Amino acid sequence: MPESIGIAAIAVYEPPWQLSNDWFGVNLPRKFVQHTGIESRCISDEDEIAMAVRASETLRREMDVDLRDCAGVVLASPSLIPVTIAGKYLDRSLVGRERPNYVAQQFAGRLGIGPDRAVGINWFCSGYAKALSVALSLINRQTLPKISLGPEQFLLVVTTSRISRILDYACMQTAPLFGDMATLTVLAKADSRKYPARFIVLGAKAEMVPADAVLFDFHLRQNVLVPTRDGRSDHEPQRVVFSLNGMGIGDAAPRAMANATGDLLHATGVRPEEVRFVVPHQAGSAIVRFAAMKLEEIGVRADVINGLTSQVGNVSSCSLPYALKQAWHVLDGTIACPSAGVGRPGKAKVSQGCILLRATQPDSGSCRKLGANRWN
């Protein structure tokens, strides 16, 4: 029988540099805020590994989590350049640094965890669902490395996204949408006394599905516009950046989120009417509204958490753990967390994923500082 696993804590690191919409000036479409809800976004000067370490410091300092109890790491990052792309455009000495397993192992090493207990994946907006599904497979010994959780141990699911490093800030299709962030999720046995669960994980799944067209690809650009910390602009001689078909994703994402939710409900035997809350990927307020409409068509008529992009933007695979953290003390009952995003570069694919959770009532005495932030 699969072990019952729960989420005991989530830590979030938001880089201190805030880039507001004012920086984009007249180039920003007039209805941008209306459609996305984004007013500013966090930009990181540090790489994905350093950001994850910052989140681990928050986890240890604010939530009374002993990192010596960590049995393994699953790390998802959307901002790593796929190795096939990196091999075309980057110096050979830099290509290895883009490998997800390298990043996961480097982060694990900072925590004193051996590289044989770290797994990395490169997924965009459905990366959290994919990472949770990988983590569950490791804990239940379905894939390597097999990880056995003791009663006082946990597995860390890390999302670390520095998408600012692969943006062309002159491109209004992509640049204003994304922000940087890192999150850590503590997964422990559902009956753990040291790390009591706030949410029991009923299921997690993510996959690539066909799309009507290629919606995403990478390119090497020359003289690329970038922001500076003092609010001005600069140019990099060259940079690997990605392009995004925003209209195509905006059309595909709501249907993909509903499809992923329906598939996981069926697989777990949870009825649509049992879902009390929907915490979707915060791609933008309009996409979430459309996704809610599609979810109603499959019978999910629940309270929807929306509007969390205002000061952080679309933070890709960090979005779901960030949203769960913000709504930590509000959520109850069964919770569906759907996501959707781009698939593989140059392929007519989209990613879709979903996580199903069941909220518990945390014991304030035993939880200590776990999940201390309030929803507002």
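Per my numbering, the very first residue in the sequence shown carries number 1; after that it's consecutive. Even glycine gets a Cβ: it sits at the ideal position worked out from N, Cα and C. Computed from a predicted structure; not experimentally measured.
Between the alpha carbons of residue i and residue j, how many angstroms are there, rounded?
| i | j | result |
| --- | --- | --- |
| VAL270 | PHE242 | 38 Å |
| ARG301 | ALA258 | 12 Å |
| SER44 | ALA213 | 32 Å |
| MET172 | ARG165 | 16 Å |
| GLY365 | PHE32 | At GLY365 the pLDDT is 38, less than 50, meaning the model places this residue with poor confidence; the figure from the coordinates comes in the next sentence. Going from the Cα of GLY365 to the Cα of PHE32 covers about 44 Å. |
| THR34 | PHE24 | For clarity, residue 34 is Gln in the given sequence; the question names Thr instead. Cα-Cα distance, rounded: 16 Å. |
| SER4 | LEU132 | 13 Å |
| ALA9 | PRO145 | 23 Å |
| VAL224 | ARG344 | 23 Å |
| ILE194 | ILE121 | Strictly speaking, residue 194 in this sequence is Lys, with Ile absent from that position. Cα to Cα, the separation comes out at about 29 Å. |
| THR36 | PRO151 | 43 Å |
| LEU306 | ALA286 | The question names Leu, but residue 306 in the sequence shown is Asn. If you take the alpha carbons of ASN306 and ALA286, they lie about 9 Å apart. |
| ILE81 | ALA260 | 26 Å |
| GLY371 | THR228 | Reliability of the predicted coordinates at GLY371 is poor, the pLDDT of 39 falling under 50, and the value obtained from them is presented with this limitation in mind. Straight-line Cα distance between these residues: approximately 34 Å. |
| MET63 | MET51 | 18 Å |
| TYR128 | LEU202 | 15 Å |
| ASP263 | ARG221 | 39 Å |
| LEU320 | HIS235 | 33 Å |
| VAL12 | CYS42 | 12 Å |
In the DSSP output, what is residue i paired with across the bridge?
| i | result |
| --- | --- |
| TYR13 | ALA182 |
| CYS354 | LYS205 and PRO338 |
| ALA454 | Because the chain is modelled from 1 through 376, residue 454 falls outside the range shown and cannot be assessed. |
| SER161 | MET181 |
| ASP234 | VAL226 |
| PRO280 | Note: PRO280 sits in no beta bridge, so no partner. |
Assuming the contact rule is C-beta atoms closer than 8 Å, residue i and residue j should be a hit. Round their C-beta distance to whole Å, please.
| i | j | result |
| --- | --- | --- |
| SER317 | SER161 | 6 Å |
| VAL240 | TYR89 | 5 Å |
| ALA336 | VAL278 | 5 Å |
| GLU39 | SER310 | 5 Å |
| ARG117 | GLY72 | 4 Å |
| SER77 | GLU48 | 5 Å |
Whose C-beta lies closer than 6 Å to the C-beta of residue i among residues of the same chain, with five residues either side of it excluded?
| i | result |
| --- | --- |
| TYR74 | It should be noted that the sequence gives Val, not Tyr, for residue 74. Closer than 6 Å at Cβ, skipping near neighbours: VAL119, ALA131, VAL134, ALA135 and VAL157. |
| ALA256 | ALA340, VAL350 and GLN352 |
| MET293 | none |
| ALA108 | VAL73 and ALA118 |
Can you list, in chain order, the residues of its chain whose CB lies under 8 Å from that of residue i, leaving out five sequence neighbours each side?
| i | result |
| --- | --- |
| PHE199 | GLY6, ILE7, LEU324, LEU331, ILE335, LEU357, ARG358, ALA359 and THR360 |
| GLU274 | GLY333 and THR334 |
Between which residues of its own chain and residue i is the CB-CB distance below 7 Å, once the five residues before and five after are set aside?
| i | result |
| --- | --- |
| ALA197 | GLY6, ILE7, ALA8, ALA188, ALA190 and THR360 |
| LYS347 | VAL214 |
| ILE139 | GLU3, ILE5, ILE147, LEU149 and LEU155 |
| SER126 | ALA206, SER339, ALA340, GLY341, SER351, GLN352 and GLY353 |
| SER79 | GLU48, SER161, ARG162, ILE163, ARG165 and ILE166 |
**OP:** Run through the segment 295 to 344 for me and flag every whole alpha helix (DSSP H) of 4 or more residues, listed as ranges in chain order.
**Re:** Segments of the alpha helix (DSSP H) lying fully in the segment 295 to 344: 319 to 326.
Original post:
Can you give, in chain order, each stretch of the alpha helix (DSSP H) that sits fully within the segment 17 to 85 and has at least 4 residues?
Top reply: For the segment 17 to 85, whole alpha helix (DSSP H) runs of length 4 or above, ordered along the chain, are 32 to 36 and 48 to 63.
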